[in-house]
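Q:
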Amino acid sequence: MQADQSLPFRKTAKNLVFGEGSLNPKIYILGEAPGRTEDETGQPFVGRSGKFLRELITSIGFDPLKDVYITSVVRFRPPENKTPTPKQVAAYEKYINLELQIIKPKLIVTVGGVSLKKFSREPITKIHAKPMQVSWLGARFTLVPMFHPAAALRNPAIKRAMIRDFQKLKALVK
Ligand code: URA
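Take the sequence shown: its letter number 99 is residue 98 in numbering that gives the first Met the number 0, and every next letter is one higher.
1) Specify the secondary structure class of alanine 138 as computed by DSSP and reduced to three states.
2) Could you check the C-alpha separation between aspartate 3 and lysine 116 for me, to the nearest Å?
3) Using only the alpha-carbon positions, how far apart do glutamate 92 and valine 72 sit?
4) Mind the definition here: the stretch 100 to 107 touches the stretch 18 to 37 only if three or more C-beta pairs lie below 8 Å; say whether that holds.
5) Buried or exposed: threonine 70, going by 16 or more other Cβ atoms within 10 Å of its Cβ?
6) For glutamate 19, name the three-state secondary structure that DSSP assigns.
7) Between the Cα of tryptophan 135 and those of Ala149, Ser119, Phe61, Arg47, spot the shortest distance and give me the residue it belongs to.
8) What is the chain-ordered set of residues for which the beta carbon lies under 7 Å from any non-hydrogen atom of the ligand URA?
9) Are the stretch 136 to 148 and the stretch 30 to 50 in contact at 8 Å, needing three or more beta carbon pairs?
10) At the level of alpha carbons, what is the spacing between isoleucine 56 and leucine 99?
11) Drop a sphere of 10 angstroms on the beta-carbon of glutamate 131, count the other beta-carbons inside from all chains shown, and report buried for 16 or more, exposed for fewer.
12) Might you give, ordered along the chain, the residues of its own chain that have their beta carbon closer than 7 Å to the beta carbon of leucine 6, omitting 5 neighbours on each side?
13) When we look at the beta-carbon of proline 155 and count the other beta-carbons within 10 Å, is it buried (16 or more) or exposed?
14) Rounding to the nearest angstrom, what Cα-Cα distance links proline 43 and tyrosine 68 in this structure?
15) Since leucine 171 contacts valine 143 with CB under 8 Å, what's their CB separation in whole angstroms?
16) Could you check which residue in Lys125, Phe51, Asn14, Gly137 has the C-alpha nearest to that of aspartate 38?
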């Protein structure tokens with residue numbers, strides 16, 4: 000498949016990193032952008048922080064492939080893993096929106112501040128693990144903002160918070 004040539008980072012990335020998992024998921028997880036390992040493999044969240052995210056999913060009794068759909072708002076790796084600008088994120092939006100209209104998730108978990116911006120202007124530090132009802136493009140779903148696993152790996156306090164937040168998520172899905 001030829002990806003849209005106008006997408007940011009198309010020319011420097013090795014692979015398109017699409018979504019992975021269930022097309023009828025209990026949770027749709029939306030991250031920021033692929034890193035080096037994701038760019039090499041073409042799979043989302045398979046590097047160090049991805050492994051931690053998958054461990055968190057497993058720790059609350061879900062299978063990362065059968066129960067969850069995992070993807071990111073940007074689908075080519077930004078050089079040097081730079082944080083994508085709002086304009087670069089916006090270039091991918093039509094595809095993300097189409098995907099959401101096909102999958103129709105009832106529960107969306109954003110990981111990190113970049114994907115949260117799609118749905119809320121509140122800072123992640125204030126609203127992490129706080130479920131909110133969102134009406135968007137004619138659909139209704141519950142949004143649960145979470146910290147990004149890369150931030151958790153850099154900061155033990157965020158890691159502890161993220162582990163607690165996933166326990167709250169478990170109570171919400173069950
Ligand atoms: N971080 C993200 O936000 N997305 C990935 O696919 C990998 C790491």
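C-beta: ideal position from N, C-alpha, C; glycine also.
A: According to the structure data:
1) Here residue 138 refers to the residue found at position 139 of the sequence shown. DSSP places alanine 138 in strand when its eight states are reduced to three.
2) What you label residue 3 is simply residue 4 of the sequence shown in a count that begins at 1. What you label residue 116 is simply residue 117 of the sequence shown in a count that begins at 1. In a straight line, the C-alpha of aspartate 3 is about 23 Å away from that of lysine 116.
3) On the sequence shown, position 93 is the one that residue 92 refers to. On the sequence shown, position 73 is the one that residue 72 refers to. So the two alpha carbons sit approximately 7 Å from each other.
4) yes
5) By 1-based counting over the sequence shown, the position of residue 70 is 71. When all chains shown are included, threonine 70 counts as buried.
6) Translated into the one-based positions of the sequence shown, residue 19 becomes position 20. It is a strand residue.
7) Here residue 135 is taken as the residue at index 136 of the sequence shown, counted from 1. Cα-wise, what sits closest to tryptophan 135 is Ser119.
8) Val16, Gly30, Glu31, Ala32, Pro33, Gly34, Glu37, Pro43, Phe44, Gly46, Ser48, Gly49, Ser71, Val110, Gly111, His147, Ala149
9) yes
10) The residue you call residue 56 lines up with position 57 of the sequence shown. The residue you call residue 99 lines up with position 100 of the sequence shown. Between isoleucine 56 and leucine 99, the C-alpha separation is close to 20 Å.
11) By 1-based counting over the sequence shown, the position of residue 131 is 132. It is methionine, not glutamate, that sits at residue 131 in the sequence shown. Per the 10 Å Cβ criterion, exposed.
12) Start at 1 with the first residue of the sequence shown, and residue 6 comes out as number 7. Around leucine 6: Phe75, Ala90, Tyr91.
13) Working through the sequence shown from its first residue, we reach residue 155 at position 156. It is exposed - the Cβ of proline 155 has fewer than 16 other Cβ atoms within 10 Å.
14) As a position in the sequence shown, residue 43 is number 44, starting the count at 1. As a position in the sequence shown, residue 68 is number 69, starting the count at 1. Those two C-alpha atoms are separated by around 10 Å.
15) Numbered from 1 along the sequence shown, position 172 holds the residue referred to as residue 171. Numbered from 1 along the sequence shown, position 144 holds the residue referred to as residue 143. Sure, about 7 Å apart at Cβ, within 8 Å.
16) Residue mapping note: residue 38 aligns to position 39 of the sequence shown, counting from 1. Comparing Cα-Cα distances from aspartate 38 to each of Lys125, Phe51, Asn14, Gly137, the minimum goes to Asn14.
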